[in-house]
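Undergrad: Have a look at this one.
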Amino acid sequence: MRKQIAAANWKMNLSIQQAEDLMDEILKMEYGLSDNQEVLIAVPFPYLMRIKEKLSTQKQFNICAQNSAATKNGAYTGETSAEILKSIDVFYAIIGHSERREYFHENNQLLAQKIDLALASGIKPVFCCGEPLSIREANNQNDYVETQLKESLFHLNATQMKNFIIAYEPIWAIGTGKTASSHQAQEMHLHIRTVLCTQYGHEIANSISILYGGSVKASNAAEIFEKPDVDGGLVGGASLVAAEFSTIIKSLKK
Ligand code: PEP
Numbered sequence: 002m003r004k005q006i007a008a009a010n011w012k013m014n015l016s017i018q019q020a021e022d023l024m025d026e027i028l029k030m031e032y033g034l035s036d037n038q039e040v041l042i043a044v045p046f047p048y049l050m051r052i053k054e055k056l057s058t059q060k061q062f063n064i065c066a067q068n069s070a071a072t073k074n075g076a077y078t079g080e081t082s083a084e085i086l087k088s089i090d091v092f093y094a095i096i097g098h099s100e101r102r103e104y105f106h107e108n109n110q111l112l113a114q115k116i117d118l119a120l121a122s123g124i125k126p127v128f129c130c131g132e133p134l135s136i137r138e139a140n141n142q143n144d145y146v147e148t149q150l151k152e153s154l155f156h157l158n159a160t161q162m163k164n165f166i167i168a169y170e171p172i173w174a175i176g177t178g179k180t181a182s183s184h185q186a187q188e189m190h191l192h193i194r195t196v197l198c199t200q201y202g203h204e205i206a207n208s209i210s211i212l213y214g215g216s217v218k219a220s221n222a223a224e225i226f227e228k229p230d231v232d233g234g235l236v237g238g239a240s241l242v243a244a245e246f247s248t249i250i251k252s253l254k255k
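Numbered by this note's numbering, the letters in the sequence shown go through residues 2 to 255 in order.
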């Protein structure tokens with residue numbers, strides 16, 4: 002069975018003290034996670050090592066970066082490369098979050114470079130895709146997301162695609178409190194899986210976890226996650242509240 006994943010995206014929030022307290026709170030609860038369930042915690046870069054240490058005794062919890070650079074190394078002030086992440090044993094990175102696309106002008110081609118470098122360093126990308134409201138209103142979301150996948154991922158071979166997590170995050174649902182219905186989520190996830198199947202075949206398409214992101218909270222997680230092609234969630238706001246995020250973890254399919 003595909004991995005069921007709850008991924009926290011703390012974005013640019015919390016002091017180190019608050020971050021450690023939040024992590025401790027989340028880890029206090031009992032989850033009884035099975036081997037096909039996993040929790041990722043994407044923290045600001047300076048906290049990666051400290052929070053990773055806290056996770057070291059937790060088999061199903063892994064640390065995750067929120068970004069990684071489009072260049073290998075060198076004079077790129079302020080950037081953090083996949084090689085640097087690897088050197089501190091961080092093996093997951095969110096790539097292509099809509100906030101990076103919007104505020105830092107990351108396009109599909111640049112994201113393809115980031116993906117290549119991440120994979121070359123053994124880092125598993127959590128690749129984000131999703132349409133803005135205008136595209137959804139015009140009912141063009143399937144073509145839009147398909148283009149994102151094609152332009153950023155489809156140069157990869159089947160073996161590389163095995164190391165992938167995809168997060169479908171409709172932009173109109175991120176941080177807005179407006180969640181896609183579980184039906185809308187399932188519809189898009191099935192579309193993504195079908196597109197992956199056409200390109201890479203059934204086995205690969207069925208092995209890739211596709212997370213839903215966009216105002217997931219304790220009260221709606223179970224309904225969304227129970228859909229057959231939804232393999233968990235990428236969670237922003239609600240991941241900053243221990244009680245919320247722990248309920249979201251417990252809502253993963255077994
Ligand atoms: C996100 O940051 O990826 C996200 C989905 O945020 P939120 O859960 O706050 O909508």
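Backbone N, C-alpha and C fix where the C-beta goes; we use that ideal spot for every residue, glycine too. Computed from a prediction, not measured in an experiment: that's the story for all the values here.
Mind checking LEU134: buried by the 16 CB within 10 Å criterion, or exposed?
TA: Position 133 of the sequence shown, counted from the first residue, corresponds to residue 134. Under this definition LEU134 is an exposed residue.
Undergrad: Just how far apart, CA to CA, sit ALA70 and ALA83?
TA: Counting from 1 along the sequence shown, the entry for residue 70 is found at position 69. Counting from 1 along the sequence shown, the entry for residue 83 is found at position 82. Distance between the alpha carbons of ALA70 and ALA83: 7 angstroms.
Undergrad: Identify every residue that forms a DSSP beta bridge with GLN256.
TA: In the structure displayed, the chain extends from 2 to 255; residue 256 sits before or after that span and is not available.
Undergrad: State buried or exposed for GLN18, treating a residue as buried only when at least 16 other CB atoms are found within 10 Å of its CB.
TA: Walking along the sequence shown from the start, residue 18 turns up at place 17. GLN18 should be labelled exposed.
Undergrad: Which term fits PRO229, buried or exposed, when burial requires 16 or more other beta carbons within 10 angstroms of its beta carbon?
TA: For the purposes of this step, residue 229 is identified with residue 228 of the sequence shown, where counting begins at 1. When all chains shown are included, PRO229 counts as exposed.
Undergrad: Using CA coordinates, which residue listed in GLY233, GLN161, PHE246 is at the minimum distance from LYS254?
TA: Counting from one through the sequence shown, the residue named residue 254 turns up at place 253. Relative to LYS254, the option among GLY233, GLN161, PHE246 whose CA is nearest is GLY233.
Undergrad: Is GLY233 near the ligand FAD, judged by its Cβ being under 7 angstroms from some heavy atom?
TA: Among the ligands in the structure shown, the ligand FAD does not appear; only the ligand PEP can be found there.
Undergrad: Around the C-beta of PHE128, are 16 or more other C-beta atoms found within 10 angstroms, so that it is buried, or is it exposed?
TA: Here residue 128 refers to the residue found at position 127 when the sequence shown is read from its first residue. Counting every other CB atom within 10 Å of its CB across the protein chains shown gives PHE128 a total of 16 or more, marking it as buried.
Undergrad: State the Cα-Cα distance for the pair GLY176 and LYS12, rounded to the nearest angstrom.
TA: Translated into positions along the sequence shown, residue 176 becomes position 175. Translated into positions along the sequence shown, residue 12 becomes position 11. Whole-angstrom Cα-Cα distance: 11 angstroms.
Undergrad: In the DSSP assignment, find the alpha helix (DSSP H) that holds SER210 and state where it starts and stops.
TA: Here residue 210 is taken as the residue at index 209 of the sequence shown, counted from 1. Segment 210 to 214 is the beta strand (DSSP E) holding SER210; no alpha helix (DSSP H) there.
Undergrad: Per DSSP, PHE62 is paired with what?
TA: Here the question's residue 62 lines up with position 61 in the sequence shown. In the DSSP output, where bridge partners are listed per residue, PHE62 has VAL40.
Undergrad: Pairs of beta-carbons, one from the region 242 to 254 and one from the region 24 to 32, closer than 8 angstroms: are there three or more?
TA: Judged by Cβ distances under 8 angstroms, the region 242 to 254 makes contact with the region 24 to 32, as three or more pairs qualify.
Undergrad: Which same chain residues end up closer than 7 angstroms to GLU132 when comparing Cβ atoms and leaving out the 5 residues on each side of it in sequence?
TA: As a first step, residue 132 must be located in the sequence shown, where it is residue number 131. Excluding positions up to five away in sequence, the list reads GLN142, TYR145, VAL146, PRO171, ILE172.
Undergrad: Regarding GLU170 and the ligand PEP, is the C-beta to nearest heavy atom distance less than 7 angstroms?
TA: In the sequence shown, the residue the question calls residue 170 occupies position 169. Yes, since a heavy atom of the ligand PEP falls inside the 7 angstroms radius drawn around the Cβ of GLU170.
Undergrad: How many angstroms separate the CA atom of ALA174 from the CA atom of LYS55?
TA: Within the sequence shown, residue 174 is the residue found at index 173, counting from 1. Within the sequence shown, residue 55 is the residue found at index 54, counting from 1. Distance between the alpha carbons of ALA174 and LYS55: 31 angstroms.
Undergrad: Name the two residues that bound the continuous alpha helix (DSSP H) containing PHE128.
TA: Reading the sequence shown from its first residue, position 127 is the one you call residue 128. From DSSP, PHE128 is part of no alpha helix (DSSP H) but of the beta strand (DSSP E) over 125 to 130.
Undergrad: Which residue from ILE116, PHE62, LEU49 puts its Cα closest to that of ASN37?
TA: Here residue 37 corresponds to residue number 36 of the sequence shown, with the count starting at 1. Considering only alpha carbons, the answer is PHE62.
Undergrad: DSSP state of VAL196, grouped into three classes?
TA: On the sequence shown, residue 196 is found 195 positions in, with the first residue counted as 1. Residue state, collapsed to three classes: helix.
Undergrad: Relative to the C-alpha of GLU80, which residue among SER57, PRO45, MET50, LYS60 is closest?
TA: Start at 1 with the first residue of the sequence shown, and residue 80 comes out as number 79. Restricting attention to SER57, PRO45, MET50, LYS60, the CA atom closest to the CA of GLU80 is found in PRO45.
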